[in-house]
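Numbering (this note's numbering), first residue to last: 49 to 334.
What follows is the structure, encoded as structure tokens:
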């Protein structure tokens with residue numbers, strides 16, 4: 049066996065000397081493999097950045113995809129209008145409207161663009177004869193004044209004077225109760241106190257006078273109706289004795305991923321004109 053193995057080794061060396069082309073081809077293949085295995089400058093710099101985190105055992109820094117988020121460039125948290133969010137689906141208008149000083153001049157300019165024969169008295173111009181011209185006039189005024197006539201009052205707009213009277217009324221996205229609570233002119237009686245929002249207990253409010261300690265353990269925390277769930281926080285109290293080992297409350301949300309979930313709600317607040325679809329798990333323009 050040892051003799052046969054030695055013969056094989058000798059014959060292999062002889063053949064390698066006789067056929068040097070095979071040896072050169074193997075060397076070329078090895079060089080190509082080495083070139084493929086070498087890192088580019090970008091990959092090497094990326095690995096150097098990840099090296100400190102890999103040594104410490106932390107997770108590598110994730111790429112920032114905030115630029116691809118379609119909601120981040122709409123409005124920041126400071127610019128979010130909570131009154132507009134509360135008025136959505138509840139009041140006629142989500143915005144405040146104040147009539148401009150030159151309202152009649154703007155209406156007259158829109159009428160002259162849409163209608164051909166315009167006299168001195170534009171208030172008596174009848175809009176019921178031609179519905180197409182009426183639609184064009186309403187659409188033009190809605191774009192210029194950023195205020196549209198609701199469907200419930202379209203049948204009342206019979207003349208241009210009705211349009212001037214409608215656009216001459218200011219509108220607010222607040223209820224009468226909220227306006228009373230925000231009475232800056234102090235027109236309410238002195239013995240009347242109005243709270244705009246309810247004062248609700250929450251265990252995370254440790255800065256309040258109760259310090260996060262409830263007087264009714266095992267009770268409360270629920271928020272009823274979809275609208276109130278969208279506005280107020282809720283928590284799940286622990287009712288059984290074995291739940292009170294470390295904490296008194298379970299901070300896990302009951303409805304994770306729903307429209308009133310904080311993550312979903314924050315994205316909806318940045319763009320109130322988008323609505324969340326539960327089936328597709330995506331936002332849709334309204």
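For each residue, glycine too, the CB sits at the ideal point set by N, CA and C. Computed from a prediction, not measured in an experiment: that's the story for all the values here.
CB of residue i within 8 angstroms of CB of residue j, strictly
i: residue 151; j: residue 215; result: yes
i: residue 282; j: residue 266; result: no
i: residue 162; j: residue 181; result: yes
i: residue 228; j: residue 208; result: no
Nearest-angstrom beta carbon gap, residue j and residue i [assumed within contact, 8 angstroms]
i: residue 142; j: residue 199; result: 16 angstroms between Cβ atoms; not a contact.
i: residue 206; j: residue 185; result: Wrong, their Cβ atoms sit about 12 angstroms apart, outside the cutoff.
i: residue 189; j: residue 158; result: 5 angstroms
Span separating the alpha-carbon of residue i from that of residue j
i: residue 124; j: residue 279; result: For residue 124, the pLDDT reaches just 48, beneath the cut-off of 50, and the residue's location in the model is therefore unreliable, leaving the point undetermined.
i: residue 202; j: residue 249; result: 45 angstroms
i: residue 187; j: residue 332; result: 24 angstroms
i: residue 263; j: residue 245; result: 21 angstroms
i: residue 134; j: residue 172; result: 39 angstroms
i: residue 43; j: residue 239; result: The chain is shown from 49 up to 334; residue 43 falls before or after that span and cannot be answered.
i: residue 167; j: residue 211; result: 17 angstroms
i: residue 306; j: residue 153; result: 48 angstroms
i: residue 223; j: residue 136; result: 12 angstroms
i: residue 94; j: residue 88; result: 10 angstroms
i: residue 310; j: residue 304; result: 9 angstroms
i: residue 273; j: residue 96; result: 53 angstroms
i: residue 287; j: residue 327; result: 34 angstroms
i: residue 330; j: residue 183; result: 33 angstroms
i: residue 323; j: residue 313; result: 10 angstroms
i: residue 275; j: residue 131; result: 14 angstroms
i: residue 179; j: residue 213; result: 20 angstroms
i: residue 129; j: residue 271; result: 22 angstroms
i: residue 217; j: residue 197; result: 12 angstroms
i: residue 325; j: residue 169; result: 50 angstroms
i: residue 251; j: residue 204; result: 52 angstroms
i: residue 284; j: residue 277; result: 13 angstroms
i: residue 219; j: residue 230; result: 16 angstroms
i: residue 92; j: residue 247; result: 57 angstroms
i: residue 106; j: residue 78; result: Its pLDDT being 48, under 50, residue 106 is placed unreliably in this model, and the coordinates cannot settle the point.
i: residue 90; j: residue 80; result: 20 angstroms
i: residue 160; j: residue 177; result: 17 angstroms
Neighbour flag for residue i against chain B, beta carbons, 8 angstroms
i: residue 94; result: Of the protein chains in this structure there is only one, and it is not chain B.
Starting from the N-terminal side, write out each stretch of the beta strand (DSSP E) that is 3 residues or longer and does not extend beyond the region 132-198.
Within the region 132-198, no complete beta strand (DSSP E) run reaches 3 residues.
When you compare the region 252-269 with the region 225-236, are there three or more beta-carbon pairs, one atom per stretch, that lie closer than 8 angstroms?
No contact exists between the region 252-269 and the region 225-236.
Hey, is the region 190-198 in contact with the region 145-163, meaning 3+ C-beta pairs nearer than 8 angstroms?
Contact between the region 190-198 and the region 145-163 is present, because at least three Cβ pairs lie under 8 angstroms.
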